[in-house]
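Here is the structure we will look at, set down as structure tokens.
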Amino acid sequence: MSARHSVVLGCGSYLPEKVLTNEDMTKFVDTSDEWIVQRTGIQQRHIAAEGQYTSDLAVEAAKAALADAGLDVEDIDLIVVATATPDNTFPATAVEVQQKLGMRHGYAFDLQAVCSGFVYAVSTVDAYLRGGLAKRALVIGAETFSRILDWEDRTTCVLFGDGAGAMVMEAREGTAEEAGRGVLSCQLRSDGSHKEKLYVDGGPSTTQTTGHLRMQGREVFKHAVGMVTDVIKAAFEDAKVTADDLDWFVPHQANKRIIDASAKKLSIAPEKVVQTVALHGNTSAASIPLALDSIVREGKVKPGDLVMLEAMGGGFTWGAVLLRW
Numbered sequence: 098m099s100a101r102h103s104v105v106l107g108c109g110s111y112l113p114e115k116v117l118t119n120e121d122m123t124k125f126v127d128t129s130d131e132w133i134v135q136r137t138g139i140q141q142r143h144i145a146a147e148g149q150y151t152s153d154l155a156v157e158a159a160k161a162a163l164a165d166a167g168l169d170v171e172d173i174d175l176i177v178v179a180t181a182t183p184d185n186t187f188p189a190t191a192v193e194v195q196q197k198l199g200m201r202h203g204y205a206f207d208l209q210a211v212c213s214g215f216v217y218a219v220s221t222v223d224a225y226l227r228g229g230l231a232k233r234a235l236v237i238g239a240e241t242f243s244r245i246l247d248w249e250d251r252t253t254c255v256l257f258g259d260g261a262g263a264m265v266m267e268a269r270e271g272t273a274e275e276a277g278r279g280v281l282s283c284q285l286r287s288d289g290s291h292k293e294k295l296y297v298d299g300g301p302s303t304t305q306t307t308g309h310l311r312m313q314g315r316e317v318f319k320h321a322v323g324m325v326t327d328v329i330k331a332a333f334e335d336a337k338v339t340a341d342d343l344d345w346f347v348p349h350q351a352n353k354r355i356i357d358a359s360a361k362k363l364s365i366a367p368e369k370v371v372q373t374v375a376l377h378g379n380t381s382a383a384s385i386p387l388a389l390d391s392i393v394r395e396g397k398v399k400p401g402d403l404v405m406l407e408a409m410g411g412g413f414t415w416g417a418v419l420l421r422w
């Protein structure tokens, strides 16, 4: 079988209209704007409207990505939605997205790796495209984390928001190195021994409830920087490049302090680091495509740019994708 690689054709994003500022939060939880900004860098987050579901956010992001790629749904034969907040226990939210887009062909499924979900989804789709299981795919990260928060827990409810981001990927003949474009390296890791540090205390098999997000913030912070730098270094080595070659570092938008510490440890220049956490909060699987789309919309990403996507999430899961734009 001849070599194949996958390329990004377009991207898009969507944020719900409702904005919840730090000042708004002080009205119902014991916190302050200063406390939140100092510890996280977050100033506001978007919250899905009543009756607005994860699939609805995903569809809007998908439409934007298709428009950016100059394609329509008939050109897609695979949809993968990374989410930890599906519309229903089943069917997959991706099937809901497929239906809402009016797509009656191809196939669709969800992927669950929490905040690392988009990196896992891009890696999975890259393998499917290279393996000949699809020609073009919609890769979507979409979350309504506001639905699983304990709004009385000030240590967690201030951190998260809702949103969605998407990319269109396509299989091409030859290698990414030869083409000067496409996915160069995917690095994925997990370690279930850390479950109690970040999890939701419910589920169909355990409590028959949705549950709420629980987190040991200091423990997550302690592990985050070391874990993400591991996969980033592995991706650099795999692609035979260095941090100096990087044009854009697009990390999971969880906490400004984690982002800054990771970039510093890897000697990535601050001007290459994309940060949207102040405006979006932590949108889990949606955070990377939201951040990526923000700089694409601003015209900052040029053909041939080297882009690193990186995330860590509950489980723990973590991973990195290095691609040439």
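Each residue of the sequence shown is one higher than the one before, starting from 98 at the first, in our numbering. The C-beta atom is built at its ideal place from N, Cα and C for all residues, glycine as well. Note that the coordinates shown come from a computational prediction; the quantities given were computed from them, not determined experimentally.
Query: Under a three-way DSSP split, which group does residue 337 fall into?; Result: coil
Query: Considering only their Cβ atoms, is the gap separating residue 352 from residue 325 smaller than 8 Å?; Result: no
Query: Where does residue 187 land, buried or exposed, given buried means 16+ other C-beta within 10 angstroms?; Result: exposed
Query: I need the boundaries of the beta strand (DSSP E) containing residue 115, first residue and last residue.; Result: 115-118
Query: Count the other CB atoms, across all protein chains shown, that sit within 10 Å of the CB of residue 185; report buried if there are 16 or more and exposed otherwise.; Result: exposed
Query: Between residue 392 and residue 363, is the Cβ-Cβ spacing less than 8 Å?; Result: no
Query: With distance defined between alpha-carbon atoms, name the residue in 259, 347, 99 nearest to residue 181.; Result: 259
Query: Using 8 Å as the Cβ pair cut-off and three pairs as the minimum, do the segment 131-138 and the segment 150-168 touch?; Result: no
Query: Assuming residue 214 and residue 289 form a contact by the criterion Cβ under 8 Å, report the distance between their Cβ atoms to the nearest whole angstrom.; Result: Actually they do not touch by this definition, with Cβ atoms about 16 Å apart.
Query: To which residues of the same chain is residue 287 closer than 6 Å at the C-beta, ignoring the five residues directly before and after it?; Result: 412, 414
Query: Apart from the five residues just before and just after residue 190, which ones in its own chain have a Cβ nearer than 6 Å to its Cβ?; Result: 151, 152, 178, 180, 183, 184, 207
Query: Among 342, 341, 357, which has the Cα closest to the Cα of residue 348?; Result: 357
Query: Alpha carbons only, please: which of 282, 292, 226, 166 is nearest the one belonging to residue 269?; Result: 226
Query: Taking 8 Å as the threshold (C-beta atoms), are residue 111 and residue 163 in contact?; Result: no
Query: Hey, how far is the Cα of residue 419 from the Cα of residue 337?; Result: 11 Å
Query: Assuming residue 407 contacts residue 216 under a Cβ cut-off of 8 Å, what Cβ separation, rounded to an integer in Å, is found between them?; Result: 7 Å
Query: If you compare alpha carbons, which of 307, 126, 149, 355 is closest to residue 249?; Result: 126
Query: Any contact of the segment 236-250 with the segment 315-325, i.e. 3+ C-beta pairs under 8 Å?; Result: no
Query: What are the start and end residues of the beta strand (DSSP E) that includes residue 193?; Result: Taken as a continuous stretch (DSSP letters only), residue 193 belongs to no beta strand (DSSP E), being part of the alpha helix (DSSP H) at 190-197.
Query: Could you check what DSSP says for residue 132 in three-state terms: helix, strand or coil?; Result: helix
Query: In the DSSP assignment, find the beta strand (DSSP E) that holds residue 270 and state where it starts and stops.; Result: 259-270
Query: Threshold first: 4 residues or longer. Then list the alpha helix (DSSP H) segments lying entirely within the segment 224-303, N to C.; Result: 273-276
Query: Would residue 263 count as contacting chain B if we go by Cβ distances under 8 Å?; Result: Any reference to chain B falls outside this structure, which holds one protein chain only.
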